[in-house]
Amino acid sequence: MFAFQAYADLCVRVGVFAVFWRALQQAAEWKAKGNAALSAGNPKEAVECYTKAIELNPKDHVFYSNRSAAYLSLDDAEHALEDAESCIQAKPDWAKAYSRKGAALHALKRYDDATAAYGDGLKVDATNAACLSGVEEVKKAQQAAAQAMFNPFANAFGP
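Heads up: take any position in the sequence shown, counting from 1, add 71, and you land on our numbering.
Structure follows, in structure tokens:
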């Protein structure tokens, strides 16, 4: 009886592993479809694909990062920020997650928060190109916003 029980337990474990493995494979397939959609200029389809990948494997930080980028392409910075934060929660030692957060905050014109997010990314990887360029882009946006506030008629008649 003991040998049969051990065999039955092993079969259950193998079966569970097979189901889990298949879910991981399907999630990777949805990610690839999302990447293709985003590259083809179809961010809405990409969001749908990444969402399916997340449903199959909610612990993979890359899916949240990619969906954040797709949301940002749709000018949906709020959802982009949510996914960037989920990505950071899943993988806090990945600078790209902070660059996604910085980009979303920049789009929301939350410049100080964007600078802080990029700075957090640079603490993880001091050479991260997206965070370094993000800091510079936020500085330019802050300067432009300050200039517009200082002289609201500066561009009234064109550049």
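Where a beta carbon is used, it is the ideal one built from N, C-alpha and C, also for glycine.
Model, not experiment: these values are computed from the prediction.
- By the Cβ-count criterion, residue 111 is exposed, with fewer than 16 other Cβ atoms from all chains shown falling within 10 Å of its own Cβ.
- The residue among 145, 149, 151 with its C-alpha nearest the C-alpha of residue 114 is 145.
- Excluding the 5 residues flanking it on each side, residue 135 has same chain C-beta neighbours closer than 6 Å at 154, 157, 158, in chain order.
- The three-state secondary structure of residue 155, taken from DSSP, is helix.
- Just so you know, the alpha carbons of residue 217 and residue 177 end up roughly 15 Å apart.
- Counting only residues of its own chain and dropping the five nearest sequence neighbours on each side, residue 189 has a CB closer than 6 Å to the CB of 173, 202, 205, 206.
- Collapsing the DSSP output to three states places residue 114 in a helix.
- Secondary structure in the stretch 118-156: no beta strand (DSSP E) run of 3 residues or longer lies completely within the stretch.
- Residue 181 places its beta carbon 8 Å or farther from that of residue 140.
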